[in-house]
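Beneath this line is the structure, given in structure tokens, with notes to follow.
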Amino acid sequence: LAEKKVLIVYAHQSAGSFSAAAKEAAVEVLKSKDCSVEVSDLYAMKFKATATAEDITGEVKNSEHFRYAEETKLAWDEGRLSADITEEQRKLQEADLVIFQFPMYWFTVPAILKGWFDRVLTLGFAYTKEKRYSNGIFKKTKALLSFTTGSPETMFSPTGINGDMNVTLWPLQNGILHYCGFQVLAPQIFWAPADAAPEGRSAMLAAWNTRLQGLLDEKPLFFTPMDCFDCEKSFQLKPESVEEYVKEFGLTAGTHCGKPLPPNNQMKAGV
């Protein structure tokens, strides 16, 4: 069997952090499973977070009204994207699995990781109008969000003050990863490790270690396939799809059809 390649996109400033420990655990276990592992340590790389004309070498097509997606598509076609973007795109293209390791900031990813998404997932390279969602460019690649929270799990519940974590995850998992075609694995959530006792943190890392052993064989989360939507009618869910799939619950946390959200649709596979 060909060696599996893993890319870990890591966004934490401190080598003494829980995020660093989770990243190291992933490197160790996956290497022991004969995977080759590359880490993009975004803070150490001083990765630029802002999507600007500097991401393109040579002239831009329209400097008066600079449109990032169109300009980077052209630059990608012509091999004129900046070296840092090209290098991350190479790593991504080679990977069978991508793990994003980060602390959750303001219900989403840190700015440096958002910048990685903004700059690396360029039009043409990561998606096109025709190639997105279940027809996406990266449909053979698995991706996983692994992150720490500042609040305990109870606060991120359907009755908690932060709201349902399934809703929080929808823009990241559907709107970025699945949009580019990735098979999205269930997230690895480390609930409030900063508030946990040392043995609690050890138990979290032990559970992650165990999961890592079989990570590459896991089934992805469910997202509604493209052919359930009518592209002639503004990508609305087809009536026959509603009839077939929508019963007690909506289809997903996002495409809920006004029904109760399916429990754990963004947190567990096979639900």
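Be aware that the sequence shown starts at 945, since it is given in the working numbering, and climbs by one per residue. Ideal Cβ placement from N, Cα and C applies to all residues, glycine included.
Per DSSP, cross-strand counterpart(s) of residue i
i, result
"Pro1047", "Thr1092"
"Thr1052", "Tyr1049"
"Lys1086", "Leu1041 and Gln1127"
"Asp1174", "Gln1180"
"Ile1000", "Leu1025"
"Tyr1071", "Leu1067"
Residue j beta carbon less than 8 Å from that of residue i
i, j, result
"Trp1020", "Phe1061", "no"
"Ile1056", "Leu986", "yes"
"Asp978", "Glu947", "yes"
"Gln1127", "Lys1075", "no"
"Leu1025", "Ile1000", "yes"
"Met1211", "Ala1130", "yes"
"Gln1132", "Leu1088", "yes"
"Thr1098", "Gly1104", "yes"
"Leu1181", "Cys1175", "no"
"Ala995", "Arg1063", "yes"
"Leu1165", "Ala966", "no"
Extent of the continuous alpha helix (DSSP H) to which residue i belongs
i, result
"Ser1185", "Pro1183 to Tyr1189"
"Ser1101", "Careful: Ser1101 lies outside any alpha helix (DSSP H) and carries neither H nor E."
"Val973", "Phe962 to Ser976"
"Arg1034", "Ala1027 to Glu1038"
"Tyr1012", "Tyr1012 to Asp1021"
"Arg1112", "Here residue 1112 is Thr; the residue named in the question, Arg, does not match the sequence. Element bounds for Thr1112: Met1109 to Leu1116."
Delimiting residues of the beta strand (DSSP E) encompassing residue i
i, result
"Gln1132", "Gln1132 to Phe1134"
"Lys949", "Lys949 to Tyr954"
"Glu1143", "Run containing Glu1143: none in the beta strand (DSSP E); it sits in the alpha helix (DSSP H), Pro1142 to Gln1157."
"Val983", "Ser980 to Asp985"
Option in the options with minimal Cα separation from residue i
i, options, result
"Glu1188", "Phe1051, Thr1168 and Lys1177", "Thr1168"
"Gln1117", "Ser1078, Thr1030, Asp1028 and Pro1102", "Ser1078"
"Pro1096", "Val1064, Met1109, Thr1085 and Leu1088", "Met1109"
"Pro1183", "Phe1193, Lys1035, Phe1166 and Cys1201", "Cys1201"
"Glu1038", "Thr1199, Leu1067 and Val983", "Val983"
"Ala993", "Phe1010, Glu1015, Val1053 and Glu1003", "Val1053"
"Leu1018", "Thr1066, Val1190 and Phe1166", "Thr1066"
"Lys1163", "Ala997, Thr1085, Lys949 and Asn1006", "Thr1085"
"Pro1206", "Tyr1123, Leu1159, Val1111 and Tyr1012", "Val1111"
"Gly1198", "Asn1209, Lys1191 and Glu1192", "Asn1209"
"Tyr1071", "Lys1035, Pro1102, Trp1114 and Gly1125", "Gly1125"
"Leu1041", "Ser980, Ser1178 and Pro1142", "Ser980"
Cβ-heavy atom distance, residue i to the ligand ZN, below 7 Å
i, result
"Cys1175", "Ligands in the displayed structure: none, and consequently the ligand ZN is not present."
CB contact below 8 Å: residue i versus chain D
i, result
"Val1042", "Looking at the structure shown, chain D is missing, and only one protein chain is on hand."
Original post:
Are the stretch 1082–1094 and the stretch 1129–1149 touching, with three or more C-beta to C-beta distances below 8 Å?
Top reply: yes
**OP:** Pair every Cβ in the stretch 1043–1058 with every Cβ in the stretch 951–959, then say whether three or more of these pairs are closer than 8 Å.
**Re:** yes
**OP:** Tell me, please, whether the stretch 1119–1129 touches the stretch 989–1009 by the rule of three or more beta-carbon pairs shorter than 8 Å.
**Re:** No: the two stretches stay apart, fewer than three of their Cβ pairs being nearer than 8 Å.
Subject >> Segment contact, 8 Å Cβ cut-off, at least three pairs: the stretch 958–976 with the stretch 1032–1052 >> reply: yes
Original post:
For the stretch 1147–1167 against the stretch 964–974, are there 3 or more C-beta pairs whose distance is under 8 Å?
Top reply: Output reads yes: the stretch 964–974 touches the stretch 1147–1167.
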